[in-house]
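Structure, as C-alpha cells:
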Amino acid sequence: MRVAIMGAMPEEIEPILQRVGSYETVEYVQNRYFTCNYGRHTLVIAYSKIGKVFSTLTATTLIEKFGAEVLLFSGVAGGINPELAIGDLIVATKLCQHDLDITAFGHPYGYVPEGAVFIESDAALRRRAVEVARSMGIVLKEGVIATGDQFVASPERKAWIEKTFHADALEMEGTSVAVVCDALEIPFLILRAISDTADMDAGFDFDAFLESSAQISADFIVKMVEQL
Ligand code: ADE
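So in the numbering used here the end of the sequence shown lands on 442, straight run, no missing numbers.
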C-alpha cells in the first residue's frame, strides 16, 4: 500500500526519516517529499509547514501526485482536556476548525454552507491505533481535535474552544488534512502528542517539549505502519 506520513514541522517527521534509514527526495511544488519502501509498504513522507493552507497543499499533493491510499498525520498538539499531560497521545475521533466564523449569517462556529462542523476520522484506522497502543502498553486517548491558524497560549481562548466544540486538544493542521482526505475518500488518522496545554506557558512548553513529544508520536506512527 502507498502510505502517506505527514507532519507540519521538520521535527515531526525527522524521527520517522531516521527510522526508515534511506529514502529518495523528490522536490515538488516548493516542498520536499521523501519516498522509500518500508516492509510491505511504499511510504511518502513530508512536512507541510505550519497552518491550514500549507497542510491542505501537502495533503492534496500526497494523494493526487504521489498516489497515497492512506494518510497518517504525526505531530504535537496543545492539550485542553485536563486528563492529557505533556507527552500523552491523542488520536482524533473527529475534527473541527475553531477559527472558522460566519456566525454573522446565523451559522454555528466552524460551519460554512455545504461543509460540516466536524469531520470524522477513519474508524478502522482508529481501532488499529487502539490495538497498537494496547500492544505497546500505553494509553491512547480518543477525542475531538480543534484546528485553527493560531498558536493558542491563552486560558480564555482555550476555554472557549473547549466550550464551543468540546475539544480535547488543539493544533493547526488536522482539520484541513481531514477535509482533503474526506473529499478525496482517503482514510486518515490524526495522531498528536501533547507538547503544551495552550495556556500562558504554552510558548515556553512548546519549545521545551516539541522534540520529545514529536518523537513519541513518530514512534507510534511507525508502529502503526508496521501493523497496516
Ligand atoms: N500545537 C501544539 N501546541 C499548540 C498550541 N498551543 N496552539 C496551536 N497549535 C499547537
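Note that CB positions come from ideal geometry on N, CA and C, so glycine has one too. Predicted model only: the values in this text are computed from it and were never measured.
Inset, instruction - Look at the alpha carbon of E225 and the alpha carbon of F365, and state the distance between them as a whole number of angstroms. - result: 17 Å
Legend entry - Residues near the ligand ADE, criterion Cβ-heavy atom distance below 7 Å: V290, A291, G292, Q364, F365, V366, A367, L384, E385, M386, S409, D410, A412, A416 and F420
Legend entry - Coarse secondary structure for L314, derived from DSSP in three states: coil
Legend entry - Option nearest E241 by Cα separation, candidates I230, I259, R233 and Q232: I259
Inset, instruction - Give, in chain order, every unbroken run of the beta strand (DSSP E) that is at least 3 residues long and sits entirely within the region 258-332. - result: 284-293 and 303-311
Legend entry - Sub-7 Å separation of V290 and S409 beta-carbons: yes
Inset, instruction - Output the distance between the C-alpha atoms of H312 and L286, rounded to the nearest integer angstrom. - result: 22 Å
Inset, instruction - Would you mind stating whether A347 and L354 have Cβ atoms separated by less than 7 Å? - result: yes
Inset, instruction - In angstroms with no decimal places, state the Cα-to-Cα distance between S390 and P401. - result: 14 Å
Inset, instruction - Give me the Cα-Cα distance between C395 and A273, rounded to the nearest whole angstrom. - result: 8 Å
Inset, instruction - Evaluate contact between the region 416-423 and the region 378-389, counting only Cβ atoms and requiring at least three cross-stretch pairs below 8 Å. - result: no
Inset, instruction - For A360, name the three-state secondary structure that DSSP assigns. - result: strand
Inset, instruction - Identify, in the order they occur along the chain, each residue of the same chain with its Cβ nearer than 6 Å to the Cβ of T239, setting aside the five sequence neighbours on each side. - result: R246 and F248
Legend entry - Residues bridged to E334 (per DSSP): K308
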